[in-house]
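Q: Structure in structure tokens, see below.
2 protein chains.
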Amino acid sequence: MPAAAPEDELHRAFVRLFRRLKRMSTMGGLDPALAAVLHELGCTGPVRVSVLADAMRLDQSTVSRHVSALEQVGLVQRSDDPDDRRAALLSLTPTGRGRLATLLDERRALFRTATAEWSDDDRAQLAGLLDRMVRALDSVDRPTIPHHEMLESS
Amino acid sequence: MPAAAPEDELHRAFVRLFRRLKRMSTMGGLDPALAAVLHELGCTGPVRVSVLADAMRLDQSTVSRHVSALEQVGLVQRSDDPDDRRAALLSLTPTGRGRLATLLDERRALFRTATAEWSDDDRAQLAGLLDRMVRALDSVDRPTIPHHEMLESS
DNA sequence: TGATATAGTTGCGGGGTGCAAGCAAGTATT
DNA sequence: AATACTTGCTTGCACCCCGCAACTATATCA
Numbered sequence: 087m088p089a090a091a092p093e094d095e096l097h098r099a100f101v102r103l104f105r106r107l108k109r110m111s112t113m114g115g116l117d118p119a120l121a122a123v124l125h126e127l128g129c130t131g132p133v134r135v136s137v138l139a140d141a142m143r144l145d146q147s148t149v150s151r152h153v154s155a156l157e158q159v160g161l162v163q164r165s166d167d168p169d170d171r172r173a174a175l176l177s178l179t180p181t182g183r184g185r186l187a188t189l190l191d192e193r194r195a196l197f198r199t200a201t202a203e204w205s206d207d208d209r210a211q212l213a214g215l216l217d218r219m220v221r222a223l224d225s226v227d228r229p230t231i232p233h234h235e236m237l238e239s240s
Numbered sequence: 087m088p089a090a091a092p093e094d095e096l097h098r099a100f101v102r103l104f105r106r107l108k109r110m111s112t113m114g115g116l117d118p119a120l121a122a123v124l125h126e127l128g129c130t131g132p133v134r135v136s137v138l139a140d141a142m143r144l145d146q147s148t149v150s151r152h153v154s155a156l157e158q159v160g161l162v163q164r165s166d167d168p169d170d171r172r173a174a175l176l177s178l179t180p181t182g183r184g185r186l187a188t189l190l191d192e193r194r195a196l197f198r199t200a201t202a203e204w205s206d207d208d209r210a211q212l213a214g215l216l217d218r219m220v221r222a223l224d225s226v227d228r229p230t231i232p233h234h235e236m237l238e239s240s
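Just so you know, the protein sequences line up as chains L and Z, in that order.
Heads up, the first sequence is in this note's numbering, so the first residue is 87 and it goes up one at a time.
Heads up, the second sequence is in this note's numbering, so the first residue is 87 and it goes up one at a time.
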């Protein structure tokens, strides 16, 4: 049996961790996926479905459905994009903002409980490394996006 | 809007990262969940379904199905547990071991590519922190003691 | 032996996702 | 302007992953 490489341990840790997080993010009485959309939307401001989908690395159709669900329960609203009639700009309703705030509070509390014994330094370090990891993996599966405005020439 | 708390960033990073990992673990032509079972099994040696399920924090039924699937494609085999006729001991077949090795190789290569610029120290640090995080969250949702849960409902 | 517990499987339902097809609205070509 | 292509989004469909509840078969205990 091969001694597990550090990369493997990393991956296994991620997978198990995620299952935890997934179960936990059902908080606020909102499905994890919907909560994720709400969160993303709360961070990025009024955007189109396509942009949201791209940001979350999900299929447009998936996000479309989530958005519809959130709209139906009054957490998200659509406004017509003045520049393009087929597009819609998504934003949180006041209720949505409130719900998001609650959700984040709960989540924060949970993480704080979990990492109660940690030093601020450790927390920051983990966040930093994780963020770096996200970018690293992103650039693996999207060819690095060196200059994201190479549209000017032709 | 208040600058996102580090805990939030942490969580978001986890979620996005996981989607990446999930997609990546489809490698080797094996469904991610099956690959996970294969991996776990490869690490823990011959075990029962229930033990595997517990280790992976999944329902026994879920693991049971995955194991059946793996058995059907010849990657896993069952042997009767001499101590208990209802139980079965799961182990990898030679083919399964080979498949796992391939899978781990691919995964390792991917992680190595992604973290090519990292120092070994950073990698180790992340793995360590992540592991700690897993344990921290585990002790939040399983209060360290297996028994004193709420088992008496009616 | 009969009551209860345990290992595992199966039926069922539900959530999450992607792909392909379709619809509506812009853009370009002639 | 009319036609053809493109783009933003939604819908139909299929598939995976999962947990709960019910069931079978064995094990254990009174």
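Each residue gets a CB set at the ideal place from its N, CA and C atoms; glycine is no exception.
As the structure is a computational prediction, the values presented were derived from the model and not from experiment.
With C-beta atoms as the reference, is Leu156 (chain Z) less than 8 angstroms away from Ser165 (chain Z)?
A: For this step, residue 156 (chain Z) is matched to residue 70 along the second sequence. For this step, residue 165 (chain Z) is matched to residue 79 along the second sequence. No, Cβ-Cβ distance for Leu156 (chain Z) and Ser165 (chain Z) is not below 8 angstroms.
Q: My assumption, with CB atoms under 8 angstroms, is that Leu223 (chain L) sits in contact with Ala200 (chain Z). Please give the rounded CB distance.
A: As a first step, residue 223 (chain L) is located in the first sequence; it is residue number 137 there, counting from the start. As a first step, residue 200 (chain Z) is located in the second sequence; it is residue number 114 there, counting from the start. A Cβ-Cβ separation of about 5 angstroms places Leu223 (chain L) in contact with Ala200 (chain Z) under the 8 angstroms criterion.
Q: Roughly how far, in whole angstroms, is the beta-carbon of Val162 (chain L) from the beta-carbon of Val149 (chain L), given that I think they are within contact range, below 8 angstroms?
A: Position 76 of the first sequence, counted from the start, is the residue given in the question as residue 162 (chain L). Position 63 of the first sequence, counted from the start, is the residue given in the question as residue 149 (chain L). In fact, because the Cβ distance is near 11 angstroms, the residues do not count as touching under 8 angstroms.
Q: Does the segment 112 to 128 of chain L come close enough to the segment 178 to 188 of chain L that 3 or more CB-CB pairs lie under 8 angstroms?
A: yes
Q: Nearest chain Z C-beta to Arg143 (chain L) closer than 8 angstroms, yes or no?
A: Translated into positions along the first sequence, residue 143 (chain L) becomes position 57. Yes, its Cβ sits closer than 8 angstroms to a Cβ of chain Z.
Q: Could you give the C-beta distance for Val220 (chain L) and Leu103 (chain Z), rounded to a whole number, given that I count them as a contact under 8 angstroms?
A: As a working note, residue 220 (chain L) is residue 134 in the first sequence. As a working note, residue 103 (chain Z) is residue 17 in the second sequence. Yes, they are in contact, since the Cβ atoms of Val220 (chain L) and Leu103 (chain Z) sit about 5 angstroms apart, within 8 angstroms.
Q: With DSSP as the reference, identify every bridge partner of Ser177 (chain L), one or two as the case may be.
A: Locating residue 177 (chain L) in the first sequence gives position 91, where the first residue counts as 1. Paired residue(s): L:Gln163.
Q: Please decide whether Arg134 (chain L) counts as near chain Z, where near means a Cβ-Cβ distance under 8 angstroms.
A: The residue labelled residue 134 (chain L) in the question sits at position 48 within the first sequence. Interface with chain Z (8 angstroms Cβ-Cβ cutoff): Arg134 (chain L) is excluded.
Q: Please report the distance separating the alpha-carbon of Arg151 (chain L) from that of Arg105 (chain Z).
A: As a working mapping, residue 151 (chain L) is identified with position 65 in the first sequence. As a working mapping, residue 105 (chain Z) is identified with position 19 in the second sequence. So the alpha carbons of these two residues sit roughly 18 angstroms apart.
Q: For Arg164 (chain L), would you say it is in contact with chain Z, using Cβ-to-Cβ distances shorter than 8 angstroms as the test?
A: As a working mapping, residue 164 (chain L) is identified with position 78 in the first sequence. Answer no: the Cβ-Cβ gap between Arg164 (chain L) and chain Z never drops below 8 angstroms.
Q: At the level of alpha carbons, what is the spacing between Thr130 (chain L) and Leu144 (chain L)?
A: The residue you call residue 130 (chain L) lines up with position 44 of the first sequence. The residue you call residue 144 (chain L) lines up with position 58 of the first sequence. Distance between the alpha carbons of Thr130 (chain L) and Leu144 (chain L) is about 16 angstroms.
Q: So, is Gly128 (chain Z) buried or exposed, given that buried needs 16 or more other C-beta atoms within 10 angstroms?
A: Taking the first residue of the second sequence as 1, we reach residue 128 (chain Z) at position 42. By the neighbour-count rule (16 or more Cβ atoms within 10 Å), Gly128 (chain Z) is buried.
Q: Using the beta-carbon count (16 or more within 10 Å), is Glu126 (chain Z) buried or exposed?
A: Indexing the second sequence from 1 puts residue 126 (chain Z) at position 40. Per the 10 Å Cβ criterion, buried.
Q: Could you work out which residues of chain L lie near Gln211 (chain Z), taking near to mean beta carbons separated by less than 8 angstroms?
A: Looking up residue 211 (chain Z) in the second sequence gives position 125. What Gln211 (chain Z) touches in chain L: Gln211, Leu215.
Q: Judging by CA-CA distance, which residue of L:Gln146, L:Gln158, L:Asp206, L:Val133 is the nearest neighbour of Asp170 (chain L)?
A: Against the first sequence, residue 170 (chain L) aligns to sequence position 84. Closest by alpha carbon: L:Val133.
Q: Does the beta carbon of Leu196 (chain Z) come closer than 8 angstroms to any beta carbon on chain L?
A: As a first step, residue 196 (chain Z) must be located in the second sequence, where it is residue number 110. Yes, because at least one Cβ of chain L sits closer than 8 angstroms to the Cβ of Leu196 (chain Z).
Q: Rounded to whole angstroms, what's the CA-CA distance from Gln146 (chain L) to Pro168 (chain Z)? Just pull it up for me.
A: Taking the first residue of the first sequence as 1, we reach residue 146 (chain L) at position 60. Taking the first residue of the second sequence as 1, we reach residue 168 (chain Z) at position 82. C-alpha of Gln146 (chain L) to C-alpha of Pro168 (chain Z): approximately 52 angstroms in a straight line.
Q: Kindly identify the DSSP beta-bridge partner or partners of Val133 (chain Z).
A: Locating residue 133 (chain Z) in the second sequence gives position 47, counting from the first residue. Z:Leu176.
Q: Hey, quick one: how far does the alpha helix (DSSP H) through Leu156 (chain L) stretch, first residue to last?
A: Here residue 156 (chain L) refers to the residue found at position 70 of the first sequence. Element bounds for Leu156 (chain L): 146 to 158.
Q: Taking the straight line between their C-alpha atoms, what separation do you get for Ala141 (chain L) and Ala173 (chain Z)?
A: Residue 141 (chain L) sits at position 55 when you count from the first residue of the first sequence. Residue 173 (chain Z) sits at position 87 when you count from the first residue of the second sequence. Each residue's alpha carbon lies about 46 angstroms from the other.
Q: Count the other C-beta atoms from every protein chain shown that fall within 10 angstroms of the C-beta of Ser193 (chain Z), then say buried if there are 16 or more, exposed otherwise.
A: Counting from 1 along the second sequence, the entry for residue 193 (chain Z) is found at position 107. Per the sequence presented here, residue 193 (chain Z) reads as Arg, with Ser not at that position. Its Cβ being crowded by 16 or more others within 10 Å, Arg193 (chain Z) is buried.
Q: Alpha carbon to alpha carbon, how far is Thr179 (chain L) from Leu124 (chain Z)? Give it in angstroms, no decimals.
A: Residue 124 (chain Z) sits at position 38 when you count from the first residue of the second sequence. Residue 179 (chain L) sits at position 93 when you count from the first residue of the first sequence. Answer to the nearest angstrom: the Cα atoms are 45 angstroms apart.
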